[in-house]
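To keep things clear, I will list the structure first and then write my remarks on it.
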Amino acid sequence: MEPDNLIWGRHPVLAALANPARKGMGRLLATQERAEELASGGLNHGHQIEVMDGPTLARMVPPGAVHQGLVFKVAPLEGVTLEEIAEPAEGVIVMLDQITDPQNVGAVFRSALAFGAKGIVVQDRHSPALAGALAKAAAGATERLPCVRATNLSRALERLGDLGWRAVGMDGSAEMTLDAALDARPTVIVMGSEGDGIRRLVAEHCEVLAKIPMPGGFESLNVSNAAAIALYEATRAQKRHG
1027 MEPDNLIWGR
1037 HPVLAALANP
1047 ARKGMGRLLA
1057 TQERAEELAS
1067 GGLNHGHQIE
1077 VMDGPTLARM
1087 VPPGAVHQGL
1097 VFKVAPLEGV
1107 TLEEIAEPAE
1117 GVIVMLDQIT
1127 DPQNVGAVFR
1137 SALAFGAKGI
1147 VVQDRHSPAL
1157 AGALAKAAAG
1167 ATERLPCVRA
1177 TNLSRALERL
1187 GDLGWRAVGM
1197 DGSAEMTLDA
1207 ALDARPTVIV
1217 MGSEGDGIRR
1227 LVAEHCEVLA
1237 KIPMPGGFES
1247 LNVSNAAAIA
1257 LYEATRAQKR
1267 HG
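Just add 1026 to wherever you are in the sequence shown, counting from 1, and you've got the working numbering.
If you want it as structure tokens, here you go:
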């Protein structure tokens, strides 16, 4: 089994099983203990459970992955459209520009769900599948937060602008601070990769570029940490100015 087709770990698998879009999808594999837990609580949501021992499950997932007695072999979820998450224009959307590390993307999903974001936009060709290590890091958030896979992020920002959204690009070298850049308007928080940041064309489609002030003098935040701070500040600004 390919990792991109697998979800493992208790929280990610339970969230996937509870997602109506997963009904009738895939194979649910569990240890005897987990199978009994799922069946007794109705947590399998009608999915047939195949009982396997722990070592067999461990061989199905990448080395070192913690499956916690549950593995779910799935097909990709159907994507949503930009309009589905952008209308009505209110709240916050997160856009990830060529962020390829599954752990980071999963952590951003988790923060975005926690802070009430309406969805996440990623580039179709340069983004990891919403399964495997990403799903484990997201702890179930990928099952509850809509994700748009856009062919072209610059065009996606143009369309979001037409729908009433403004884009704030995160850039450590920007002159404006994040707090000064935010207001009550519907906001797209654009995050770039840790190495290269936001690409030039994507940055040019942002209304403003902003930085998180770091008085410690050491830019030690990874992209998922920065996204969590940006989400908190954006939601706080909308409440403050709204």
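Ideal Cβ placement from N, Cα and C applies to all residues, glycine included.
All values derive from a computational prediction rather than experimental measurement.
Buried or exposed (CB count within 10 angstroms, at least 16 for buried), residue i
i: MET1240; result: exposed
i: THR1177; result: exposed
i: ASN1070; result: buried
i: PRO1114; result: exposed
i: GLN1058; result: exposed
i: SER1066; result: exposed
i: GLY1218; result: buried
i: ALA1210; result: exposed
i: LEU1064; result: buried
i: GLY1158; result: buried
i: ALA1263; result: buried
i: VAL1148; result: buried
i: THR1107; result: exposed
i: THR1203; result: exposed
i: ASP1188; result: exposed
i: ASP1123; result: buried
Three-state secondary structure assigned by DSSP to residue i
i: LEU1054; result: strand
i: ASP1205; result: helix
i: ASP1197; result: coil
i: ASP1150; result: helix
i: PHE1135; result: helix
i: LEU1122; result: strand
i: LYS1049; result: coil
i: ILE1238; result: coil
i: ARG1192; result: strand
i: THR1168; result: helix
i: MET1217; result: strand
i: ALA1176; result: strand
i: VAL1097; result: strand
Neighbourhood of residue i by C-beta distance below 6 Å, restricted to the same chain and skipping five residues each side
i: ALA1165; result: HIS1037 and ARG1136
i: ILE1255; result: ILE1238
i: THR1168; result: PHE1135, LEU1156 and ALA1161
i: LYS1144; result: ILE1111, GLY1117 and ILE1119
Nearest candidate by alpha-carbon position, reference residue i, set the options
i: ALA1253; options: MET1121, ALA1163, VAL1148 and ALA1157; result: MET1121
i: PRO1046; options: HIS1073, HIS1152 and ILE1146; result: HIS1073
i: VAL1249; options: GLY1195, ASP1150, PRO1081 and ASN1031; result: GLY1195
i: PRO1081; options: LEU1043, LYS1099 and LEU1055; result: LEU1055
i: LEU1171; options: ALA1042, ILE1033, GLY1221 and LEU1227; result: ALA1042
i: ARG1266; options: ASN1031, ALA1133, GLY1221 and ALA1206; result: ALA1206
i: ALA1200; options: PRO1212, ALA1236 and ILE1146; result: ALA1236
i: ASN1031; options: VAL1077, LEU1227, VAL1097 and LEU1040; result: VAL1097
i: ILE970; options: ARG1175, MET1202, GLY1242 and GLU1259; result: There is simply no residue 970 to check, as the chain begins at 1027 and stops at 1268 in what is shown.
i: SER1180; options: GLU1233, ALA1140, GLY1105 and VAL1228; result: VAL1228
i: GLY1095; options: LEU1204, VAL1147 and GLU1076; result: GLU1076
i: LEU1103; options: ARG1175, ASP1123 and GLY1068; result: ARG1175
i: MET1078; options: PRO1089, PRO1088 and HIS1093; result: HIS1093
i: CYS1173; options: LEU1139, GLU1184, GLY1187 and ASP1188; result: LEU1139
i: MET1086; options: ALA1133, THR1203 and GLY1035; result: GLY1035
i: THR1213; options: GLY1242, GLU1062, LEU1247 and THR1261; result: THR1261
i: LEU1257; options: GLY1142, GLY1187 and TRP1191; result: GLY1142
Own chain residues within Cβ distance below 7 Å of residue i, not counting five before or after
i: ILE1125; result: VAL1131, MET1217, SER1219 and VAL1249
i: VAL1100; result: ASN1031, ILE1033, ALA1042, ARG1048, MET1051, GLY1052 and ALA1157
Nonlocal neighbours in the same chain, by C-beta distance under 8 Å from residue i, ignoring five residues either side
i: ASP1197; result: GLY1218, GLY1223, ILE1224, ALA1229, LEU1235, ALA1236 and LYS1237
Supposed contact pair residue j and residue i - C-beta distance, whole angstroms, cut 8 Å
i: CYS1232; j: ALA1182; result: The Cβ separation is near 12 Å, so there is no contact.
i: ALA1091; j: ALA1133; result: Incorrect: roughly 16 Å between the Cβ atoms, too far for contact.
i: PRO1128; j: PRO1154; result: 5 Å
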